[in-house]
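**Q**
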Ligand code: CA
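Residue numbers (the working numbering): -14 to 214.
1. Compute the Euclidean distance between the alpha carbons of residue 50 and residue 85, then round it to the nearest angstrom.
2. So for residue 43, helix, strand or coil by DSSP?
3. Might you give, ordered along the chain, the residues of its own chain that have their beta carbon closer than 6 Å to the beta carbon of residue 11, omitting 5 neighbours on each side?
4. State the start and end residues of the unbroken beta strand (DSSP E) segment that holds residue 95.
5. Under 8 Å by Cβ, that's how I've got residue -4 and residue 40 pegged, so tell me the actual separation to the nearest angstrom.
6. So, with DSSP's three-state summary, where would you put residue 87?
7. Counting pairs of Cβ atoms below 8 Å between the region 146 to 164 and the region 203 to 214, do you hit three or more?
8. Could you give the residue range of the alpha helix (DSSP H) that holds residue 70?
9. Is residue 56 closer than 8 Å to residue 65 when the C-beta atoms are compared?
10. Could you check whether the Cβ of residue 44 sits closer than 7 Å to any heavy atom belonging to ligand 1?
11. Can you tell me whether residue 25 sits near ligand 1, meaning its C-beta is under 7 Å from at least one heavy atom of the ligand?
12. Compute the beta-carbon to beta-carbon distance between residue 199 and residue 124, rounded to the nearest angstrom, for a pair I have assumed lies under 8 Å.
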């Protein structure tokens, strides 16, 4: 199981289109969830907390535009990038005009290659480690492509869980993560792990980060969780 794989929710009522997108996204290493109606999409967003959403404008029931509006108004979902897929360019103009908050849009028929590039562009902003970006914090660098971590130019050896923990922290320095949020992000929602396991791995990560000296960069926030810096 590769937990760094970003999860993509594809909302598209045309089965053939849905399959093409799923095939290409999976080939890129993404974890894909599919919805064919607006209601299904809204349920899945709650359930899987996707990293990005590809959203067809014309859907039976709740329309893509309405879903976009709702997600961009919700505090838990407003930062999830949404790429709208629209059948006609007039609709795109409407999308612009309505300012629904979509992060990007493509007009059908679109180039799948270009769509994949735009997906990566969005993720580079919101989940940089998932698309092979190099992250830096203070004297720590993390190369998500080679899985190498250095502190003060000396290599830090990390286990896979500690590496994922550090990637999560380095994507959003200063953000306080609860143990439950770290479990979702690092271990995945589909397996049961006790929250104390988080503390154990945080302890290992701290020890590793200080193996060549330096102060502990991870902050324990009482009653809330952990943060980097
Ligand atoms: Ca449609």
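Cβ coordinates follow ideal geometry from the N, Cα and C atoms, glycine included.
**A** In this structure, then:
1. 7 Å
2. coil
3. 17
4. Taken as a continuous stretch (DSSP letters only), residue 95 belongs to no beta strand (DSSP E), as it is neither H nor E.
5. 5 Å
6. coil
7. yes
8. From DSSP, residue 70 is part of no alpha helix (DSSP H) but of the beta strand (DSSP E) over 67 to 71.
9. yes
10. yes
11. no
12. 7 Å
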